[in-house]
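A.B. asks:
There are 2 protein chains.
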Amino acid sequence: MRRFVIVGQTATASDAFLLDDLAGTSGRLDVLVRCVRAALLYSHGVRRDVIVYLVLLGGPRAPRALRFDGRAAKFLRPDERSLATLVKKTLAREDLGSGFVEGRHGVAIASGGVDVLLADCEGATVYAMEEGAPDIRDAELDADAVYFIGDHIGLAPVPGAQSLSVGPVSLHSEDVVAIVSNEIDRRLPASK
Amino acid sequence: MRRFVIVGQTATASDAFLLDDLAGTSGRLDVLVRCVRAALLYSHGVRRDVIVYLVLLGGPRAPRALRFDGRAAKFLRPDERSLATLVKKTLAREDLGSGFVEGRHGVAIASGGVDVLLADCEGATVYAMEEGAPDIRDAELDADAVYFIGDHIGLAPVPGAQSLSVGPVSLHSEDVVAIVSNEIDRRLPASK
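Protein chains in written order, with the working numbering: chain A, 1 to 192; chain B, 1001 to 1192.
What follows is the structure in structure tokens.
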């Protein structure tokens, strides 16, 4: 399984943001929903072997984590507003216990941050995408893996992670997702 | 100069679309504005050596072409709504003659389709991104180049173009832009 974790250092964990001003009212959830598209969707299809986690560290209900599971995803559309609508509905839930609670269409929510999702990824190799790290093209990549990617602010150190980079330019998070996905596509056939 | 041409086979050339339902009312302009982001923006900056053309073949005023010039771009934000707002304002213009008419912040508009922008790119090598074509990683890339990329429907043949692909999976247009940009970044330093 291929997993991406996007850590939103300011992204709101509450549903109190405006769809009409996503970038201005959500602590930049727009960055994170663009990563969901890049990780899960290809031309006219959903990647069934991919899971995306969003870690939401901003706002009154933080930390919270969202999980988009390609195996169960339905009706996922690529535009920011559709994805933000799905996030907003999921964040409206208040009945959270421990671990992930399944919502609709393959989207789950948990109270907690990186810890709660790492419990979900036991046994997977952990990579952290960082500027200046060794090139992903030169690295061995495990098929069962978790790739951590920062938001517009950056990525805090991920304990136990192997650091990799995607090239000489500091890119938007969603472009890093696209480039990592392409590198994996070229080497490892999609698992079912 | 690095140039991207995104051909929107249904994308509207008029400003009569709703920002609140971009994907549903614009003939999928959402695909095209995501490509503008991927081509022109990196982390906290604008690529000054990149020009993006959008060819709009849908709606009552088609064909029209938009040009986003990284050298003159200002106040460009990465979210779909901001980019769509800029496109909407530009498409409201009616005083078009021949060739591109400069608008605000590095965005220009022209009446016409691929022909009008090719006149703008004289001397550049033309590449067309197509599934199943030779891998871009194995190709020589000219620094002065135009990369044609299709929308969600595909790309009509581009006369005189060298066909290239980005790997085994059929990807969203904006991901193709990101992967092509990364390949160029790794080989050719940014021109000023």
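The beta-carbon is built from N, C-alpha and C at its ideal position, and this holds for glycine as well.
Check whether chain B comes within 9 angstroms of I109 (chain A), counting only Cβ atoms and requiring the distance to be less than that.
C.D. replies: One-based indexing of the first sequence puts residue 109 (chain A) at position 109. No, its Cβ sits nowhere closer than 9 angstroms to a Cβ of chain B.
A.B. asks: Would you call the region 33-44 of chain A in contact with the region 1170-1182 of chain B, where contact means no fewer than 3 C-beta pairs closer than 8 angstroms?
C.D. replies: yes
A.B. asks: Hey, quick one: how far does the alpha helix (DSSP H) through V176 (chain A) stretch, first residue to last?
C.D. replies: The residue you call residue 176 (chain A) lines up with position 176 of the first sequence. That run of the alpha helix (DSSP H) goes S173 to R187.
A.B. asks: Pick helix, strand or coil for R1137 (chain B), following the three-state DSSP scheme.
C.D. replies: Taking the first residue of the second sequence as position 1, residue 1137 (chain B) is located at position 137. Three-state DSSP puts R1137 (chain B) in a helix.
A.B. asks: Considering only the alpha carbon of each residue, which of B:V1036, B:M1001 and B:G1113 lies closest to R1061 (chain B)?
C.D. replies: In the second sequence, counting from the first residue as 1, residue 1061 (chain B) sits at position 61. R1061 (chain B) has its Cα closest to that of B:G1113, out of B:V1036, B:M1001 and B:G1113.
A.B. asks: Taking DSSP as the reference, what is the three-state secondary structure of V36 (chain A)?
C.D. replies: For the purposes of this step, residue 36 (chain A) is taken as residue 36 along the first sequence, with counting starting at 1. If DSSP states are grouped into helix, strand and coil, V36 (chain A) belongs with the helices.
A.B. asks: If we define contact as Cβ-Cβ less than 9 angstroms, is D185 (chain A) a contact residue for chain B?
C.D. replies: Here residue 185 (chain A) refers to the residue found at position 185 of the first sequence. Between D185 (chain A) and chain B, the shortest Cβ-Cβ separation is below 9 angstroms.
A.B. asks: Short of 9 angstroms Cβ to Cβ, which residues in the region 36-49 of chain A face chain B?
C.D. replies: R37, A38, L41, Y42, S43, H44, G45 and R47
A.B. asks: With 9 angstroms as the C-beta to C-beta threshold (strictly closer), list the residues of the region 77-106 of chain A near chain B in chain order.
C.D. replies: R77, P78, D79, E80, R81 and S82
A.B. asks: So D69 (chain A) is in the beta strand (DSSP E); what residue range does that whole segment cover?
C.D. replies: In the first sequence, residue 69 (chain A) corresponds to position 69, counting from 1. It spans R64 to D69 - the beta strand (DSSP E) in which D69 (chain A) sits, taken as one unbroken run.
A.B. asks: Helix, strand or coil, according to DSSP, for V1166 (chain B) in the structure here?
C.D. replies: Looking up residue 1166 (chain B) in the second sequence gives position 166. Of the three classes helix, strand and coil, the one that applies to V1166 (chain B) here is coil, per DSSP.
A.B. asks: I believe N1182 (chain B) touches V166 (chain A) by the beta-carbon criterion, under 8 angstroms. Please report the beta-carbon distance rounded to the nearest angstrom.
C.D. replies: Residue mapping note: residue 1182 (chain B) aligns to position 182 of the second sequence, counting from 1. Residue mapping note: residue 166 (chain A) aligns to position 166 of the first sequence, counting from 1. Here N1182 (chain B) really is in contact with V166 (chain A); their C-beta atoms are around 6 angstroms apart, less than 8 angstroms.
A.B. asks: For L22 (chain A), count neighbouring C-beta atoms within 10 Å of its own C-beta (all shown protein chains included) and say buried if the count is 16 or more, exposed if not.
C.D. replies: Taking the first residue of the first sequence as position 1, residue 22 (chain A) is located at position 22. Result: buried.
A.B. asks: What residue from B:A1139, B:F1068, B:V1087 and B:V1116 has the CA that sits closest to S1014 (chain B)'s CA?
C.D. replies: What you label residue 1014 (chain B) is simply residue 14 of the second sequence in a count that begins at 1. It is B:V1087 whose Cα lies nearest to the Cα of S1014 (chain B).
A.B. asks: Please confirm whether V1169 (chain B) has its beta-carbon closer than 9 angstroms to some beta-carbon of chain A.
C.D. replies: Your numbering for residue 1169 (chain B) matches position 169 in the second sequence. True, the Cβ-Cβ gap to chain A drops below 9 angstroms.
A.B. asks: Where does S1043 (chain B) sit, in a helix, a strand or coil, going by DSSP?
C.D. replies: Here residue 1043 (chain B) is taken as the residue at index 43 of the second sequence, counted from 1. Three-state DSSP puts S1043 (chain B) in coil, outside helix and strand.
A.B. asks: Which of the three DSSP states, helix, strand or coil, is assigned to D1049 (chain B)?
C.D. replies: The residue given as residue 1049 (chain B) occupies position 49 in the second sequence. Note: D1049 (chain B) maps to coil in three-state DSSP.
A.B. asks: Going along chain B, which residues have a C-beta under 7 angstroms from V166 (chain A)?
C.D. replies: Within the first sequence, numbered from 1, the residue matching residue 166 (chain A) stands at position 166. Chain B residues near V166 (chain A): N1182.
A.B. asks: Which of the three DSSP states, helix, strand or coil, is assigned to L1057 (chain B)?
C.D. replies: What you label residue 1057 (chain B) is simply residue 57 of the second sequence in a count that begins at 1. L1057 (chain B): strand per DSSP, three-state reduction.
A.B. asks: Decide if S1026 (chain B) is buried, meaning its Cβ has at least 16 other Cβ atoms within 10 Å, or exposed.
C.D. replies: Position 26 of the second sequence, counted from the start, is the residue given in the question as residue 1026 (chain B). Buried: at least 16 other Cβ atoms inside 10 Å.
A.B. asks: Excluding sequence positions up to five away, which residues of its chain have a Cβ less than 8 angstroms from the Cβ of R953 (chain B)?
C.D. replies: There is no way to answer for residue 953 (chain B), as the model of chain B reaches only from 1001 to 1192.
A.B. asks: Counting only runs that start and end within the region 108-155 of chain A, where is the alpha helix (DSSP H) found for 4 or more residues in a row?
C.D. replies: 114-118
A.B. asks: State yes or no: is the beta carbon of A1178 (chain B) nearer than 9 angstroms to at least one beta carbon in chain A?
C.D. replies: Position 178 of the second sequence, counting from 1, holds the residue named residue 1178 (chain B). Closer than 9 angstroms: yes.
A.B. asks: Taking Cβ positions only, does A62 (chain A) come closer than 9 angstroms to chain B?
C.D. replies: As a first step, residue 62 (chain A) must be located in the first sequence, where it is residue number 62. Not closer than 9 angstroms to any Cβ of chain B, the Cβ of A62 (chain A) fails to qualify, so no.
A.B. asks: So what does P4 (chain A) bridge to, in DSSP terms?
C.D. replies: Translated into positions along the first sequence, residue 4 (chain A) becomes position 4. For the sequence presented, residue 4 (chain A) should be read as Phe rather than Pro. Answer is A:V52 and A:Y147.
A.B. asks: Have a look at R1137 (chain B) and I1006 (chain B) and give me their C-alpha separation to the nearest angstrom.
C.D. replies: Within the second sequence, the letter at position 137 stands for residue 1137 (chain B). Within the second sequence, the letter at position 6 stands for residue 1006 (chain B). Their backbone Cα atoms lie some 21 angstroms apart in a straight line.
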